[in-house]
Amino acid sequence: MSLLLCFDQQWQLFSSLPGYIPSYLDKDELCVVCGDKATGYHYRCITCEGCKGFFRRTIQKDLRQTYACKYEGRCAIDKVTRNQCQDCRFKKCIAVGMATDLVLDESKRLAKRKLIEENRQRRRKEELQKTAMDQHEPSDNEWHLIRMTTDAHMATNAQGNYWKQKRKFLPANSGHSSTANILEGNQVDLEAFRQFTKIITPAIKRVVDFAKKLPMFCELPCEDQIILLKGCCMEVMSLRAAVRYDPESETLTLNGDMAVTRGQLKNGGLGVVSDAIFDLGVSLSSFNLDDSEVALLQAVILLSADRPGLSCVERIERCQEEFLLAFEHYINYRKHKTTDKMNPKMKLTCTDWKFIESQCPSKIKHLNLWIKKYIISLAG
Numbered sequence: 017m018s019l020l021l022c023f024d025q026q027w028q029l030f031s032s033l034p035g036y037i038p039s040y041l042d043k044d045e046l047c048v049v050c051g052d053k054a055t056g057y058h059y060r061c062i063t064c065e066g067c068k069g070f071f072r073r074t075i076q077k078d079l080r081q082t083y084a085c086k087y088e089g090r091c092a093i094d095k096v097t098r099n100q101c102q103d104c105r106f107k108k109c110i111a112v113g114m115a116t117d118l119v120l121d122e123s124k125r126l127a128k129r130k131l132i133e134e135n136r137q138r139r140r141k142e143e144l145q146k147t148a149m150d151q152h153e154p155s156d157n158e159w160h161l162i163r164m165t166t167d168a169h170m171a172t173n174a175q176g177n178y179w180k181q182k183r184k185f186l187p188a189n190s191g192h193s194s195t196a197n198i199l200e201g202n203q204v205d206l207e208a209f210r211q212f213t214k215i216i217t218p219a220i221k222r223v224v225d226f227a228k229k230l231p232m233f234c235e236l237p238c239e240d241q242i243i244l245l246k247g248c249c250m251e252v253m254s255l256r257a258a259v260r261y262d263p264e265s266e267t268l269t270l271n272g273d274m275a276v277t278r279g280q281l282k283n284g285g286l287g288v289v290s291d292a293i294f295d296l297g298v299s300l301s302s303f304n305l306d307d308s309e310v311a312l313l314q315a316v317i318l319l320s321a322d323r324p325g326l327s328c329v330e331r332i333e334r335c336q337e338e339f340l341l342a343f344e345h346y347i348n349y350r351k352h353k354t355t356d357k358m359n360p361k362m363k364l365t366c367t368d369w370k371f372i373e374s375q376c377p378s379k380i381k382h383l384n385l386w387i388k389k390y391i392i393s394l395a396g
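Numbering (the working numbering), first residue to last: 17 to 396.
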C-alpha cells in the first residue's frame with residue numbers, strides 16, 4: 017500500500033468528523049475533483065483536503081512522471097475510486113482548473129509559514145501592549161511583584177534616599193592629576209582610578225544581592241544566573257548611577273556616596289562610556305522615577321534573554337515579560353494618580369545602557385573582567 021493511499025484513508029476517517037468550513041462555502045459544497053465534502057478554495061478550485069494534499073504532494077515531489085493508468089486514462093474519479101488511479105486523479109485536478117504555479121516548494125512553504133507565525137506573534141504583542149496601556153492599575157499579582165522587587169532594590173541600594181545628604185564630592189583635582197598608561201594605550205588619572213576601584217567590589221555585590229532576592233532569578237539554573245549577572249552588571253550599576261544624577265552640580269553619585277563630574281568619570285578609566293552614563297542620567301532626571309520604577313527597570317535588564325549561552329531562553333523571556341507588564345501598568349497607575357509627567361519615550365533610554373554594555377569589552381576591558389570575576393565568586 018502506498019503512502020499516498022494510507023494518507024487518503026486516514027484523511028477519509030478524519031474528514032467524517034465535523035470541522036471548520038469557511039463562511040464563503042455552502043454547507044454541502046462538494047469537491048470538484050472527487051465529490052467529497054469540500055473544505056475551501058485550494059489552488060483556485062473548491063476541493064476537499066484529500067485532493068488538496070494529493071495535488072500539492074504531486075507537484076512538490078514531482079511525482080507526475082511516476083503515475084500510470086491501467087485503463088487508458090478513462091477512470092471515473094469519486095471519493096471511493098480516487099485512490100485507485102493517481103494518474104487519472106491528477107489529470108482531473110488539472111482539468112477542473114487546479115493551478116500548479118500556486119504550489120510552493122518546501123523552502124517557500126516554510127518561509128510563508130514563518131511569515132504567518134511572525135505576523136501572528138506581532139499581532140499578539142500589539143494586543144498585549146494595547147492591553148497594558150489600557151490597564152490603569154497593576155493586578156494583585158503585579159502589586160506583589162512590584163513590592164517584592166522594590167524591597168530588593170531598597171535593601172541593596174547604598175544610602176537609599178539619603179544619598180544627596182551623604183554624598184562626598186571627589187576633589188576637583190581628581191581626574192586632572194598624574195596619569196598612567198594603564199588601559200590599552202589610554203591615559204588614566206591615577207587618583208580617580210584608585211577611588212573608583214575602591215567602590216567597584218561593593219557595587220557588584222549589591223547587584224548580585226538584588227538578583228538573589230528575586231525568586232524568578234533564583235529558580236533558574238546556576239549557569240544561567242551567572243550568564244545573566246555577567247551581562248547585566250555594568251548596565252544595572254550604570255542605571256543606579258544615572259538615576260542619581262544631580263542637574264545642579266552636574267554630577268553622578270556612585271555607590272551612594274561618591275559624587276563625580278563627567279570629566280572625572282571619563283579620566284578615571286571609563287572613557288567614552290562615561291558620556292553614555294551621564295547622558296542616560298540627564299535623560300532620566302526629567303522622568304522623576306520612583307524606587308519601584310528603578311527596581312522594575314533593573315529586573316527587566318537583569319532578565320535579558322538575548323545573553324549568549326543561556327539554556328532557559330523562553331523561561332527568561334516570560335519572566336522579563338511579567339516585569340515589563342508590571343512596569344507599564346505601574347507607570348499608568350502613577351500617571352493617573354499623580355500629576356507626574358511620565359514620558360513614554362523613557363523606553364528609548366534602553367539603547368543608552370545597551371551602548372554602555374557593548375563598550376565594556378573595548379573601552380573598559382579591565383573593569384568588565386573584574387566584574388565577571390567577582391560575579392562568579394559571589395553568585396555561588
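The C-beta atom is built at its ideal place from N, Cα and C for all residues, glycine as well.
Give every residue of the same chain whose Cβ lies closer than 8 Å to the Cβ of residue i, excluding the five residues on either side of it in the sequence, and list them in chain order.
{"i": "F339", "result": "L161, T165, L312, A315, V316, L319"}
{"i": "D240", "result": "L326, S327, C328, I332"}
{"i": "P324", "result": "I243"}
{"i": "R210", "result": "none"}
{"i": "E266", "result": "T277, R278"}
Have a look at residue i and residue j and give me their C-alpha separation to the nearest angstrom.
{"i": "I110", "j": "C61", "result": "10 Å"}
{"i": "Q100", "j": "T55", "result": "22 Å"}
{"i": "Y83", "j": "D42", "result": "33 Å"}
{"i": "Q137", "j": "R334", "result": "14 Å"}
{"i": "D52", "j": "R105", "result": "13 Å"}
{"i": "R125", "j": "G113", "result": "21 Å"}
{"i": "L305", "j": "I347", "result": "10 Å"}
{"i": "A92", "j": "C67", "result": "15 Å"}
{"i": "E134", "j": "K141", "result": "10 Å"}
{"i": "T213", "j": "P263", "result": "25 Å"}
{"i": "M250", "j": "Y57", "result": "56 Å"}
{"i": "K108", "j": "D44", "result": "21 Å"}
{"i": "E309", "j": "A127", "result": "40 Å"}
{"i": "T97", "j": "G69", "result": "16 Å"}
{"i": "G247", "j": "E337", "result": "18 Å"}
{"i": "K221", "j": "I215", "result": "10 Å"}
Drop a sphere of 10 angstroms on the beta-carbon of residue i, count the other beta-carbons inside from all chains shown, and report buried for 16 or more, exposed for fewer.
{"i": "I293", "result": "buried"}
{"i": "P154", "result": "buried"}
{"i": "N173", "result": "buried"}
{"i": "T63", "result": "buried"}
{"i": "Y87", "result": "exposed"}
{"i": "E330", "result": "exposed"}
{"i": "E344", "result": "buried"}
{"i": "E235", "result": "exposed"}
{"i": "G297", "result": "buried"}
{"i": "R256", "result": "buried"}
Tell me whether residue i sits in a helix, a strand or coil according to DSSP, three-state version.
{"i": "G279", "result": "helix"}
{"i": "G56", "result": "strand"}
{"i": "D103", "result": "helix"}
{"i": "I93", "result": "coil"}
{"i": "L319", "result": "coil"}
{"i": "L300", "result": "helix"}
{"i": "M114", "result": "coil"}
{"i": "L255", "result": "helix"}
{"i": "L236", "result": "coil"}
{"i": "L341", "result": "helix"}
{"i": "C249", "result": "helix"}
{"i": "Y346", "result": "helix"}
{"i": "R138", "result": "helix"}
{"i": "N157", "result": "helix"}
{"i": "P324", "result": "coil"}
{"i": "R334", "result": "helix"}
{"i": "E133", "result": "helix"}
Leaving out five residues on either side along the sequence, give the residues of the same chain with a beta carbon under 7 Å from the beta carbon of residue i.
{"i": "A168", "result": "F226, K229, L230, A311"}
{"i": "D94", "result": "C50, G51"}
{"i": "Q76", "result": "V119, D121, E122"}
{"i": "R80", "result": "T74, F106"}
{"i": "S290", "result": "R278, L281, K282"}
{"i": "S301", "result": "Y261, P263"}
With DSSP as the reference, identify every bridge partner of residue i, one or two as the case may be.
{"i": "L268", "result": "Y261, V276"}
{"i": "T63", "result": "G56"}
{"i": "L312", "result": "Answer by DSSP bridge pairing: none, since L312 is not bridged."}
{"i": "L46", "result": "K53"}
With a CB to CB cut of under 6 Å and the five nearest residues on each side skipped, what residues in its chain are close to residue i?
{"i": "L46", "result": "A54"}
Under the criterion of a Cβ to heavy atom distance below 7 Å, does residue i qualify as lining the ligand MG?
{"i": "E45", "result": "As far as ligands go, the structure on display features none, and thus does not contain the ligand MG."}
Can you confirm whether residue i, when its beta carbon is compared against all beta carbons of chain C, has any partner nearer than 8 Å?
{"i": "F212", "result": "Looking at the structure shown, chain C is missing, and only one protein chain is on hand."}
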